[in-house]
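Chemist: Just so we're aligned, residue 1245 is where the sequence shown starts under my numbering, counting upward by one.
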Amino acid sequence: MLHSKIIEFYEDYKSDDFPFFETQSSLECEKIKNKIAEKINFESNLLSTSLTKKLDSVLYDFSPEPIDFNKINLVEILKSIGVKETVGNVFINWYNFDLIDEMNLFDFDKYLLDLWYPQEDIEIFTKKCNWIISLNHDSIVRYVNFDQEIPSSA
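#1: Assess, as a yes-or-no matter, whether the segment 1320 to 1330 is touched by the segment 1360 to 1367 under the definition of 3 or more beta carbon pairs within less than 8 Å.
#2: Among 1343, 1260, 1296, whose alpha-carbon lies nearest the alpha-carbon of residue 1266?
#3: Using 8 Å for Cβ pairs, my map puts residue 1385 next to residue 1301. What's the rounded Cβ distance?
#4: Using alpha carbons as the reference points, say which of 1299, 1356, 1362 lies closest to residue 1253.
#5: Quick check on residue 1380: does DSSP put it in helix, strand or coil?
#6: Residue 1335 and residue 1276 look like a contact to me (Cβ under 8 Å); what is the Cβ gap, rounded to whole Å?
#7: Quick check on this structure: which residue in 1318, 1282, 1326 has the alpha carbon closest to the alpha carbon of residue 1350?
#8: Quick one: what's got a C-beta closer than 6 Å to residue 1378's C-beta in the same chain, skipping five residues either side?
#9: Helix, strand or coil: which one does DSSP assign to residue 1374?
#10: So residue 1283 and residue 1390 are supposed to be a Cβ contact under 8 Å. How far apart are they, rounded?
Structural data, given as structure tokens:
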């Protein structure tokens, strides 16, 4: 997590504690990259930027229109794409799977706009990597749910 985001959080929420998060080590980031590469049938020894591009090719548009990120609710998005387990921790990929934080889903959802700058592209997923949500700088939400059939609109 960027230190500047923590400082800005405390400026906005003087009486709240910053939500607990854990930045993943380089080794853990590598394991996560390999797991995602395996899910999308991609050679895991290639560059992280290549993995990000390949992942983008398997994601589906959540909505044909850009999303108003001021009204976004990650838990509702997860439910609508068929994710049954919407509690617990998620991983947030801030950059090419080289900077990944783990945080409680409800905390991340509650403080999303305080923790994420909409000009950034991020991916959100669980340890199992059975689903991935991508939020991008064009206000587009994309996803893949590996536990579900391909959506009929795809």
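Beta carbons are placed, not taken as given, at the ideal position from N, Cα and C, and that holds for glycine. Just so it is clear, the structure is predicted and the values come from calculations on it, not from any experiment.
Modeler: The short version:
#1: no
#2: Checked all of 1343, 1260, 1296; the closest Cα to residue 1266 is 1343.
#3: Wrong, their Cβ atoms sit about 16 Å apart, outside the cutoff.
#4: Of the residues 1299, 1356, 1362, the one whose Cα lies closest to the Cα of residue 1253 is 1356.
#5: coil
#6: About 7 Å separates the CB atoms of residue 1335 and residue 1276; that is less than 8 Å, so the two are in contact.
#7: 1318
#8: 1303, 1367, 1386
#9: Coil.
#10: 6 Å
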